[in-house]
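Peer 1:
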Amino acid sequence: MKLGFYPGCSLTGSSREYNESLLAISKAAGIELVEISDWNCCGATAAHNLNKELSVSLPARNLALAELDEMSELVVPCAACYNRLVMTQHELNEDSALRKVIVEKLQMPLKNDIQILNVLQFLEKYIVPRLDELIKAPLTYDVACYYGCLLVRPQKVMQAERFEDPMTMDVIMQKLGAKALDWPFKTECCGAGFSVSKTEIVGELSGKIVRNAVGRGAKAIVVACPMCHSNLDMRRPAIESYLQRKVDIPVIYITQAIALAMGLSPQQAGIQRHFVPVNLTVNR
Amino acid sequence: MNKEGLSYKVRQSTGVNATECYQCGKCTAGCPVAEHMDLRPSIIMRMLQSGDEKELDEILRAKSIWLCLTCETCYSRCPMELDIPKIMDYLRQRSLAEGKVHRDARDIVTFHKSFLNTVENNGRLHEMGLILDYKLHSGNLFQDVLLAPEMFSKGKLHIFPEKIKDRQGLSRLFKGQSKNNKS
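Residue numbers (the working numbering), protein chains in the order written: chain V, 327 to 610; chain B, 316 to 498.
1. For residue 420 of chain V, collect the residues of the same chain with a Cβ closer than 6 Å to its Cβ; drop the 5 residues on either side in sequence, then sort them by chain order.
2. How long is the line joining the alpha carbons of residue 447 of chain B and residue 335 of chain B, rounded to whole angstroms?
3. Name, going along the chain, the residues of the segment 411 to 426 of chain B whose beta-carbon falls closer than 8 Å to a beta-carbon of chain V.
4. Go through the segment 432 to 495 of chain V residue by residue and report every complete run of the alpha helix (DSSP H) that reaches 4 residues or more, in order.
5. State yes or no: is the beta carbon of residue 492 of chain B nearer than 8 Å to at least one beta carbon in chain V?
6. Does the distance from the CB of residue 383 of chain V to the CB of residue 431 of chain V come in under 8 Å?
7. Can you list the residues of chain V that residue 475 of chain B reaches, using a CB-CB cut of under 8 Å?
8. Looking only at its own chain, which residues have a Cβ that is under 8 Å from the Cβ of residue 462 of chain V, when we skip the five neighbours before and after it?
9. Quick check: the segment 515 to 531 of chain V against the segment 432 to 447 of chain V, are there 3 or more CB pairs under 8 Å?
10. Using C-beta distances below 8 Å, list every residue in its chain close to residue 440 of chain B, excluding the 5 sequence neighbours before and after it, in chain order.
11. Who are the neighbours of residue 282 of chain B on chain V, taking C-beta pairs under 8 Å?
12. Pull out every residue of the segment 359 to 375 of chain V whose Cβ sits closer than 8 Å to any Cβ of chain B, in chain order.
13. Which parts of the segment 392 to 434 of chain V are runs of the alpha helix (DSSP H), unbroken and 4 residues or longer, counting only runs that do not cross its ends?
14. What residues from chain B crowd round residue 417 of chain V, counting only those whose CB sits closer than 9 Å?
15. Exposed or buried, residue 327 of chain B, counting other C-beta atoms within 10 Å across all chains shown (16 or more means buried)?
16. Using C-beta distances below 8 Å, list every residue in its chain close to residue 523 of chain V, excluding the 5 sequence neighbours before and after it, in chain order.
17. Cβ atoms of residue 333 of chain V and residue 385 of chain V: under 8 Å apart, would you say?
18. Could you tell me whether the segment 481 to 489 of chain B touches the segment 551 to 559 of chain V, using the rule of 3 or more Cβ pairs below 8 Å?
19. Can you grab the Cα-Cα spacing for the pair residue 489 of chain V / residue 434 of chain V, in whole Å?
20. From which residue to which residue does the beta strand (DSSP E) around residue 331 of chain V run?
21. Can you check whether the C-beta of residue 518 of chain V is within less than 8 Å of a C-beta belonging to chain B?
22. Okay, do the segment 380 to 393 of chain B and the segment 479 to 495 of chain V touch, 3+ Cβ pairs below 8 Å being the bar?
23. Using a Cβ cut-off of 7 Å, which residues of the segment 565 to 584 of chain V contact any Cβ in chain B, in chain order?
24. Rounded to whole angstroms, what's the CA-CA distance from residue 494 of chain B to residue 520 of chain V? Just pull it up for me.
25. Taking residue 591 of chain V as the query, report the chain B residues whose CB atoms sit under 7 Å from its CB, ordered along the chain.
26. Quick one: Cα of residue 574 of chain V to Cα of residue 602 of chain V, how far?
27. So the candidates are B:491, B:438, B:418, B:453; which of them puts its Cα closest to the Cα of residue 379 of chain B?
28. Could you check whether the Cβ of residue 377 of chain V sits closer than 8 Å to any Cβ belonging to chain B?
29. Identify every residue that forms a DSSP beta bridge with residue 358 of chain V.
30. Residues of the segment 394 to 411 of chain B with a CB closer than 7 Å to any CB of chain V: list them in chain order, please.
31. 8 Å is my cut-off, CB to CB: does residue 480 of chain V come that close to chain B?
32. Starting from residue 380 of chain B, follow its DSSP beta bridges and name the residues at the other end.
33. Is it true that the CB of residue 580 of chain V sits closer than 8 Å to the CB of residue 550 of chain V?
34. Taking 8 Å as the threshold (beta carbon to beta carbon), is residue 487 of chain V in contact with chain B?
35. Reducing DSSP to helix, strand and coil, say where residue 565 of chain V ends up.
36. With DSSP as the reference, label residue 344 of chain V as helix, strand or coil.
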């Protein structure tokens, strides 16, 4: 079975392991993710901070290209790209004047009705129903599932019912054999796009998240967003400098957790690409 | 209301009516960066209500509008469902267009501009290009010097950008779109 796929820029670079693990588990489930031909960057935070039109036109080009490729569903694993694509689809459906301007610039037709799936929606629809047969090596540790901002807010557009205490990742992790801990930082902000320009704020915000997860007894933090991952993993020195102590809790993508539970090798899951070493030990 | 004034323009451009705010303070209470802000979200809403041009000028010169991470927590908790992040996007674009960016926020703006530069040049983000462009324009040459080699060794950094094929389609989107745009 084939599904449309928008990897986004991070998945080709700094969060390669997210891409590798997503493709590996999809393949194991008999799903081929087909990239939109000639896709471009969604514009991310930079575009919506500096230029309203670009923040809509850049994602819109991808939506139009996906329609040309005759895709009906589009899997968007990066939470930031997902948020920009869904917001764009929403704005263009609400604002016909803006839509006219954008379609003229694109010089492509745009029905704007493609079904956009974030990674959790994709997993729930296509992977979770098959987990019983696919799990070969159940996980045996306690985890803190961290959702961040972009998958749940704004809740009306994201259609997130439990936007303060989401459970979709928790349910998946339980199915994999792990224990998903109850904790209060599930949807706190990690510092997002300040990774380079205000690293100390990332250290503080991500530090509070990591500290709480460790305090609750988690052996790993599970994420579904490249920005959350790079802030919690790659920015660990900034976190440690804020917390004034060493913290060795690893941060894994939900797709990596599934890959490991499926019995795929750590290399296939891209575990070796992390900054914080992943040594997951049995804790019960 | 003064139709030339910022309050009116905020409402007109974003569709968000700041006068509906009744100052409960939930936005500020939930804001992850409130303690670093010079003007907290609920204060900005109050100042927009006043319509006092001197106060509005202060908003555009504030560090706060650039510290806002668009995490959307304020919007998700606002009892009046006021889209404060949307107002922040508008205020940032005005602040930039009027040359009123707070000095502590210059690195943030430089980073966003460097980001859009690599997208305009390639169609996709080139992380190595972004870091180099940012270092050059921010003057923070030695920041994270040890990070790039480690990213590279983990296969996370590409020397050369991936470029999209439809160059014309891309430049149409950027045509006339300044990175200091007002809209």
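The beta-carbon is built from N, C-alpha and C at its ideal position, and this holds for glycine as well.
Peer 2: Result, derived from the coordinates:
1. Sequence index remark: in the first sequence, residue 420 of chain V carries index 94 (1-based). Contacts found: none.
2. As a working note, residue 447 of chain B is residue 132 in the second sequence. As a working note, residue 335 of chain B is residue 20 in the second sequence. If I take the Cα positions, the gap works out to 44 Å.
3. Listed in chain order, the positions of the segment 411 to 426 of chain B with a beta carbon within less than 8 Å of a beta carbon of chain V are 411, 422, 423, 424, 425, 426.
4. Listed in chain order, the complete alpha helix (DSSP H) runs (minimum 4 residues) inside the segment 432 to 495 of chain V are 445 to 448, 457 to 460, 481 to 484.
5. Against the second sequence, residue 492 of chain B aligns to sequence position 177. So, interface residue.
6. Within the first sequence, residue 383 of chain V is the residue found at index 57, counting from 1. Within the first sequence, residue 431 of chain V is the residue found at index 105, counting from 1. Closer than 8 Å, so yes.
7. The residue you call residue 475 of chain B lines up with position 160 of the second sequence. The CB of residue 475 of chain B never comes closer than 8 Å to any CB in chain V; the least such distance is about 12 Å.
8. Numbered from 1 along the first sequence, position 136 holds the residue referred to as residue 462 of chain V. So the list reads 587, 588, 589, once near-sequence residues are dropped.
9. Taking a contact to require three or more Cβ pairs closer than 8 Å, the segment 515 to 531 of chain V and the segment 432 to 447 of chain V do not qualify as touching.
10. In the second sequence, counting from the first residue as 1, residue 440 of chain B sits at position 125. Taking C-beta separations shorter than 8 Å and ignoring five residues to either side along the sequence, the partners of residue 440 of chain B in its chain run 430, 433, 434, following chain order.
11. Missing from the structure shown is residue 282 of chain B; chain B here goes from 316 to 498 and no further.
12. Only those residues of the segment 359 to 375 of chain V whose C-beta falls short of 8 Å from the nearest C-beta of chain B are listed: 364, 365, 366, 367, 369, 370, 371, 372, 373, 374, 375.
13. Look at the segment 392 to 434 of chain V and you find these whole runs of alpha helix (DSSP H), each 4 residues long or longer: 405 to 420, 422 to 432.
14. Position 91 of the first sequence, counting from 1, holds the residue named residue 417 of chain V. In chain order: nothing, as chain B lies at least about 10 Å away.
15. Along the second sequence, read from residue 1 onward, the residue named residue 327 of chain B stands at position 12. Label assigned to residue 327 of chain B: exposed.
16. As a first step, residue 523 of chain V must be located in the first sequence, where it is residue number 197. Contacts found: none.
17. Here residue 385 of chain V is taken as the residue at index 59 of the first sequence, counted from 1. Here residue 333 of chain V is taken as the residue at index 7 of the first sequence, counted from 1. No, the Cβ-Cβ distance between residue 385 of chain V and residue 333 of chain V is not below 8 Å.
18. No, they do not touch.
19. Here residue 489 of chain V corresponds to residue number 163 of the first sequence, with the count starting at 1. Here residue 434 of chain V corresponds to residue number 108 of the first sequence, with the count starting at 1. Spanning the two alpha carbons is a distance of roughly 35 Å.
20. Within the first sequence, residue 331 of chain V is the residue found at index 5, counting from 1. Here the beta strand (DSSP E) through residue 331 of chain V covers 328 to 331.
21. Walking along the first sequence from the start, residue 518 of chain V turns up at place 192. Yes, contact with chain B.
22. Segments in contact, yes.
23. Identification of residues in the segment 565 to 584 of chain V having a C-beta nearer than 7 Å to some C-beta of chain B yields an empty set.
24. What you label residue 494 of chain B is simply residue 179 of the second sequence in a count that begins at 1. What you label residue 520 of chain V is simply residue 194 of the first sequence in a count that begins at 1. Cα-Cα distance, rounded: 18 Å.
25. Along the first sequence, one-based indexing puts residue 591 of chain V at 265. Under the 7 Å cutoff, chain B gives no residues; its nearest Cβ is about 16 Å from residue 591 of chain V.
26. Walking along the first sequence from the start, residue 574 of chain V turns up at place 248. Walking along the first sequence from the start, residue 602 of chain V turns up at place 276. If you draw a straight line from the Cα of residue 574 of chain V to the Cα of residue 602 of chain V, it is about 7 Å long.
27. Sequence index remark: in the second sequence, residue 379 of chain B carries index 64 (1-based). The residue from B:491, B:438, B:418, B:453 with its alpha-carbon nearest to that of residue 379 of chain B is B:418.
28. Taking the first sequence and counting its residues from 1, the one referred to as residue 377 of chain V is at position 51. By this cut-off, residue 377 of chain V is an interface position.
29. Numbered from its first residue, the first sequence carries residue 358 of chain V at position 32. In the DSSP output, where bridge partners are listed per residue, residue 358 of chain V has V:328.
30. For the segment 394 to 411 of chain B, the residues whose beta carbon sits under 7 Å from a beta carbon of chain V are, in order, 404, 407, 408, 411.
31. Position 154 of the first sequence, counted from the start, is the residue given in the question as residue 480 of chain V. Any Cβ of chain B closer than 8 Å to the Cβ of residue 480 of chain V would place that residue at the interface, and such an atom is present.
32. The residue you call residue 380 of chain B lines up with position 65 of the second sequence. Its beta-bridge partners do not exist; DSSP assigns none.
33. The count along the first sequence starts at 1 and reaches residue 550 of chain V at position 224. The count along the first sequence starts at 1 and reaches residue 580 of chain V at position 254. Cβ distance < 8 Å, so residue 550 of chain V and residue 580 of chain V count as in contact.
34. For the purposes of this step, residue 487 of chain V is identified with residue 161 of the first sequence, where counting begins at 1. Answer no: the Cβ-Cβ gap between residue 487 of chain V and chain B never drops below 8 Å.
35. The residue labelled residue 565 of chain V in the question sits at position 239 within the first sequence. Helix at residue 565 of chain V.
36. Against the first sequence, residue 344 of chain V aligns to sequence position 18. Three-state result, residue 344 of chain V: helix.
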